[in-house]
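Structure first, commentary second.
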Amino acid sequence: MAVVPAGVLAPRSTGRVPSWPRGVLIVVEGFWTWYRRNWRATAVSSVLQPLLFLLAFGVGFGSLVAGGGQAAQATGGAPYLVWLAPALLAVSAVQSAAFESTYPVLSAFKWQRVYHAMAAGPITPAQIALGHLSWTVAKMALSGAIYVAVIAVFGGVVGPGIVLSLLAAVLTGAAVASLVMAFASTVENEGGPFNALFRFVVIPMTLFSGTFFPVDRLPEWIRPLTVLSPLWHGTELARDAALGVWRPLAVLGHTAVLLGLLAVGTVLVTRLYRRRLTR
Amino acid sequence: MLRLMPGTNYAGRPGVLLERSAIVSRRGWLAFVSGFFEPVFYLVAMGQGLGSLVGTLPGPDGSPISYAAFIAPGLLAASAMNGAVFDSTFNVFFKLRYAKLYDAMLATPLGPVDIALGEIGWALIRGGLYALGFLSVMAGFGLLVSPWALLALPAALVVAFAFAAVGMAATSFMRSWQDFDLVTLAILPMFLFSTTFYPLSVYPPVLQTVVQCLPLYHAVELMRGLTTGAVHVGMLGNLAYFGVMIVVGVAVAARRLDALLLR
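Residue numbers (my numbering), protein chains in the order written: chain U, 1 to 279; chain Z, 1001 to 1263.
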């Protein structure tokens, strides 16, 4: 019988089960390793896309509303670009959160089966869920930081408050990502469910959450619905922070809603991952 | 045009592809129906909300029109483009590479040209239905003020045909999903900058020329002219742009599919 030297057939094992938080970090590291080699593919969606929106609406559309008294009243006197930029930060976080939590999740369950590979080791489904969520959030924070720099170049930053806006945007994105991941982990087939999610949840949320114009300009019957939109809470937070408006009660309320959604999403996503990976 | 296409690969039965697509979308009807809502959401949000910030804008003939009347034709053109491009790129690529649908079809008496025409035909039917729906919504909001608006539907079909043809030709060159970033890279700036949301006069002169070269700009011009009734001879030029796109797109798509499927 041939003798196989140790370490040729199998990578060296430490023989130890990682601690719980370390398991989550290992999952994050796995995604990071992939991303380090493939980041170029995401450059368009994560950097260029929000940049184009900033140009089209902040600069292009902004020049239309520059002189109008109506607009000045709506933005509280701030230039349209300055008023719009923090909200776009939140929108881009939410959109990338929604996208990153749909097809990549389905792919890891169904096509590439990355999750099953991870779950074959001593990593639990809950650690996989939290690891993927943390990775999504980290990526969002990174592209958000780049976006802040771009906004600054175009003159959309008036103070250090934009850093708090970034935090608000990332929190909003995290809440949305956890909920969408939970949803995606119940999806068996591409196409229908995700299309419905984007068309009936993500796009209306983007349009009706006070990003491009104040929500009081919406038809009467839509306005109450904005309270349901995590993006509206995020936009309010991000905009107040960037413009230096301090409304303690509002900040508390919006933050509580977002943290609540994140908590619900996290509980759901860990349970649903366990269900799907152990069936 | 028939001479440009490899005639031996055409069985004259693209209709069976339409039939198949209809059966498939009956199962995924939600995805089918939802395509109609997207431009409507945009119209309600942007028309009302952004409109309250800008008031009126100069229309195609210089007379002021409401902001909703200004962006509605832009959204119509953009939705014709988006629908056609999505159908002819993502969907076709999936069927070509993953579902191996066309390989299966070629095992029957169908040629690559049947497939190309059938797929483009379905994209047109779908786009036509969405355009019709959107035009009815526009009529409901009182944004159609001229009988010329009746021509907006056929114009939307021409626009969709052109984008579907070019999209399909482009798809035949795609190697992986990574390449679809290039589709986004072409579509999104066009959607945002082709005078969909604000007039050309916003741009400095150099950029105006660049914008005027984009296909969606010509689609928006056509739609805006037709829905507001400001029709002029120059619109034939806009139309000719799409004629060229259709001829080139169909010719390239048919040849490439031929090479991809029958090699």
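Heads up, the beta-carbon is just placed ideally off N, CA and C, and yes, glycines get one too.
When the distance is taken between beta carbons, is residue j closer than 8 Å to residue i?
i: Z:Leu1182; j: U:Phe213; result: no
i: Z:Val1145; j: Z:Gly1229; result: yes
i: U:Val59; j: U:Phe154; result: yes
i: U:Leu272; j: U:Ala175; result: no
i: U:Gly265; j: U:Ala90; result: no
i: Z:Ala1152; j: Z:Met1223; result: yes
i: Z:Pro1176; j: Z:Arg1256; result: At residue 1176 of chain Z the sequence reads Ser, which differs from the Pro that was named. Cβ atoms of Z:Ser1176 and Z:Arg1256: not closer than 8 Å.
i: U:Trp230; j: U:Thr270; result: The residue asked about is misnamed: residue 230 of chain U is Pro in this sequence, not Trp. Not a contact, by the Cβ cut-off of 8 Å.
i: U:Gly131; j: U:Val27; result: yes
i: U:Ala93; j: U:Arg217; result: no
i: Z:Ala1164; j: Z:Ser1088; result: yes
i: U:Pro86; j: U:Ala242; result: yes
i: U:Trp232; j: U:Gly210; result: yes
Mind listing the chain U neighbours of residue i? Cutoff is C-beta to C-beta under 9 Å, in chain order.
i: Z:Val1137; result: Chain U residues near Z:Val1137: none, gap ~14 Å exceeds 9 Å.
Within the same chain, show all residues whose beta-carbon is closer than 6 Å to that of residue i, passing over the 5 residues directly before and after it, in chain order.
i: U:Ala145; result: none
i: U:Glu236; result: His254
i: Z:Leu1214; result: Met1190 and Ser1194
i: Z:Gly1012; result: none
i: Z:Phe1032; result: Ser1025
i: U:Phe31; result: Trp135
Determine the chain Z residues that contact residue i at a beta-carbon separation under 9 Å, and present them in chain order.
i: U:Phe306; result: Since the first and last residues shown for chain U are 1 and 279, residue 306 of chain U lies out of range.
i: U:Ser45; result: Asp1181 and Thr1184
i: U:Pro53; result: The sequence shown places Phe at residue 53 of chain U, not Pro. Result: Leu1188 and Leu1192.
i: U:Gln112; result: Per Cβ cutoff of 9 Å: no residues; U:Gln112 is ~12 Å from chain Z at best.
i: U:Ala74; result: Ser1052 and Leu1053
Tell me which same chain residues have a C-beta within less than 8 Å of the C-beta of residue i, skipping the five on either side of it?
i: Z:Leu1018; result: Gly1118, Gly1121, Trp1122 and Ile1125
i: U:Leu106; result: Ala184, Val187, Glu190 and Phe194
i: U:Gly244; result: Val158, Gly159 and Gly161
i: Z:Leu1030; result: none
i: Z:Pro1109; result: Ala1011 and Arg1013
Go ahead and pull the three-state DSSP assignment for residue i.
i: Z:Leu1144; result: coil
i: Z:Leu1207; result: helix
i: U:Ile123; result: coil
i: U:Met1; result: Note that U:Met1 scores a pLDDT of 45, beneath 50, so its modelled location is shaky; the value from the coordinates is reported in the next line. Here U:Met1 sits in coil by DSSP.
i: U:Ser143; result: helix
i: Z:Ser1066; result: strand
i: Z:Leu1110; result: coil
i: U:Gly272; result: Going by the sequence as given, residue 272 of chain U is Leu instead of Gly. It is helical.
i: U:Pro219; result: coil
i: Z:Pro1215; result: helix
i: Z:Pro1154; result: helix
i: Z:Pro1058; result: strand
i: U:Asn189; result: coil
i: Z:Ser1052; result: helix
i: Z:Met1001; result: Residue placement at Z:Met1001 is poorly supported in this model, since its pLDDT is 43, which falls under 50; the coordinates still yield a value, given next. It is coil, neither helix nor strand.
i: Z:Gly1128; result: helix
i: U:Pro18; result: coil
Give the interface partners of residue i over in chain Z, defined as CB-CB distance under 7 Å, in chain order.
i: U:Pro204; result: Phe1041
i: U:Pro219; result: Gln1048
i: U:Ala56; result: Leu1192, Phe1193 and Phe1197
i: U:Gln49; result: Leu1188
Starting from the beta carbon of residue i, find every residue of chain U whose beta carbon is closer than 7 Å, and list them in chain order.
i: Z:Tyr1198; result: Gly60, Phe61 and Leu64
i: Z:Glu1038; result: Arg199 and Ile203
i: Z:Val1202; result: Gly60, Ser63 and Leu64
i: Z:Ala1045; result: Leu207 and Phe208
When the Cα of residue i is compared with those of the options, which residue comes out closest?
i: U:Pro125; options: U:Ile162, U:Ser229 and U:Ala108; result: U:Ala108
i: U:Ile151; options: U:Leu51, U:Arg239, U:Arg223 and U:Glu220; result: U:Leu51
i: U:Gln127; options: U:Leu197, U:Val163, U:Gly23 and U:Thr172; result: U:Gly23
i: U:Ala182; options: U:Thr42, U:Arg276 and U:Pro86; result: U:Arg276
i: Z:Phe1161; options: Z:Gly1055, Z:Ala1253, Z:Tyr1067 and Z:Leu1101; result: Z:Ala1253
i: U:Arg274; options: U:Arg36, U:Phe61 and U:His116; result: U:His116
i: Z:Leu1236; options: Z:Val1247, Z:Ala1251 and Z:Ala1219; result: Z:Ala1219
i: U:Thr42; options: U:Leu167, U:Phe200, U:Val180 and U:Ser143; result: U:Ser143
i: U:Leu268; options: U:Arg247, U:Leu133, U:Leu25 and U:Ser63; result: U:Leu133
i: U:Trp20; options: U:Ala141, U:Val180, U:Ile123 and U:Arg239; result: U:Ile123
i: U:Leu64; options: Z:Thr1056, Z:Leu1192 and Z:Ala1099; result: Z:Thr1056
i: Z:Val1158; options: Z:Phe1090, Z:Tyr1042 and Z:Ile1246; result: Z:Ile1246
Please list, in chain order, all residues of the same chain as residue i whose beta carbon is under 7 Å from its beta carbon, the five residues on each side excluded.
i: U:Thr136; result: Ala97, Glu100, Ser101 and Ala177
i: Z:Gly1133; result: Phe1036
i: U:Ala119; result: Pro125, Ile128 and Leu277
i: Z:Pro1014; result: Asp1114, Leu1117, Gly1118 and Gly1121
i: U:Phe57; result: Leu84 and Phe212
Run through chain Z and tell me which residues come within less than 8 Å of residue i, C-beta to C-beta.
i: U:Leu99; result: It is worth fixing the name first, because residue 99 of chain U is Phe in this sequence and not Leu. Residues of chain Z passing the Cβ test: none, with the nearest at roughly 11 Å.
i: U:Phe212; result: Ala1045, Met1046, Gly1049 and Leu1050
Residue i versus chain U: which residues are under 8 Å apart at the beta carbon?
i: Z:Ala1031; result: Gly191, Gly192, Asn195 and Ala196
i: Z:Ser1021; result: Under the 8 Å cutoff, chain U gives no residues; its nearest Cβ is about 14 Å from Z:Ser1021.
i: Z:Ser1146; result: Per Cβ cutoff of 8 Å: no residues; Z:Ser1146 is ~25 Å from chain U at best.
Could one say the Cβ of residue i lies closer than 8 Å to chain A's Cβ atoms, at least one of them?
i: Z:Ser1034; result: Among the chains of the structure shown, chain A does not appear; the protein chains present are U and Z.
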